[in-house]
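One structure below.
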Amino acid sequence: KLEGLKTIAVTTNGINLTRLLPRLKEAGLNAINISLDTLVPAKFEFIVRRKGTNLSSKATVLILSGMCVLYLQVNCVVMRGFNEDEVLDFVDFTKDLPLDVRFIEYMPFDGKYCCFGVPLGQK
Numbered sequence: 019k020l021e022g023l024k025t026i027a028v029t030t031n032g033i034n035l036t037r038l039l040p041r042l043k044e045a046g047l048n049a050i051n052i053s054l055d056t057l058v059p060a061k062f063e064f065i066v067r068r069k070g071t072n073l074s075s076k077a078t079v080l081i082l083s084g085m086c087v088l089y090l091q092v093n094c095v096v097m098r099g100f101n102e103d104e105v106l107d108f109v110d111f112t113k114d115l116p117l118d119v120r121f122i123e124y125m126p127f128d129g130k131y132c133c134f135g136v137p138l139g140q141k
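Residue numbering for the sequence shown follows this note's numbering, beginning at 19 and increasing consecutively.
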């Protein structure tokens, strides 16, 4: 632990978090950002590029919010044609949990140039 440091946070998709959490907390972790862009298991496996995850981030969110030992935030990148139909499901899933949810607009970037298209919600 470093003197004067108030927050030690990690951003994760949650796949290995339950295994690593005890050591991370011991090292001073006090905040977690969970990237959860979908509540649909097949879409989650596509995003994390792993089969058999059983939507572990959703389960991790539920477990951590029940523990209430760390500041917990869920980040959801909203993408047209992929998960914009799930926004209300995210609200329903998280509305009674002790965490913050942040919906983030998808910003396509190919490594060199930003792909300027019409942002979600714009005409």
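By construction, the Cβ of each residue, glycine as well, lies at the ideal position given by its N, Cα and C atoms.
Sequence-distant residues of its chain with Cβ nearer than 6 angstroms to residue i (five each side left out)
i	result
S53	N31 and N93
F108	C94
F100	none
Close beta carbons around residue i, own chain, < 8 angstroms, minus the five adjacent residues each side
i	result
N48	T25, I26, A27, L88 and Y89
R120	Q91, V92, N93 and C94
E21	none
Endpoints, the alpha helix (DSSP H) within which residue i is located
i	result
D118	Per DSSP, D118 belongs to no alpha helix (DSSP H); it is in the beta strand (DSSP E), D118 to E123.
P109	Here residue 109 turns out to be Val, not Pro, going by the sequence shown. Unbroken alpha helix (DSSP H) run through V109: V105 to T112.
R68	R68 -> no alpha helix (DSSP H), and no H or E assigned at all.
C43	Rather than Cys, the amino acid found at residue 43 in this sequence is Lys. Its alpha helix (DSSP H) spans residues L35 to E44.
Exposure label - residue i; buried when at least 16 CB within 10 Å
i	result
D55	buried
L35	buried
L39	buried
I122	exposed
Sequence-distant residues of the same chain with beta carbon closer than 7 angstroms to residue i, five excluded per side
i	result
L42	V28
A60	none
For residue j and residue i, believed in contact at Cβ under 8 angstroms, the rounded distance
i	j	result
R68	I33	7 angstroms
V105	Y124	Rounded, the Cβ-Cβ distance is 13 angstroms, inconsistent with contact.
F111	L23	Between L23 and F111 the Cβ distance is about 32 angstroms, and since that is not below 8 angstroms, they are no contact.
Start-to-end residues for the beta strand (DSSP E) that takes in residue i
i	result
V96	Y89 to V96
T29	A27 to T30
I52	A49 to S53
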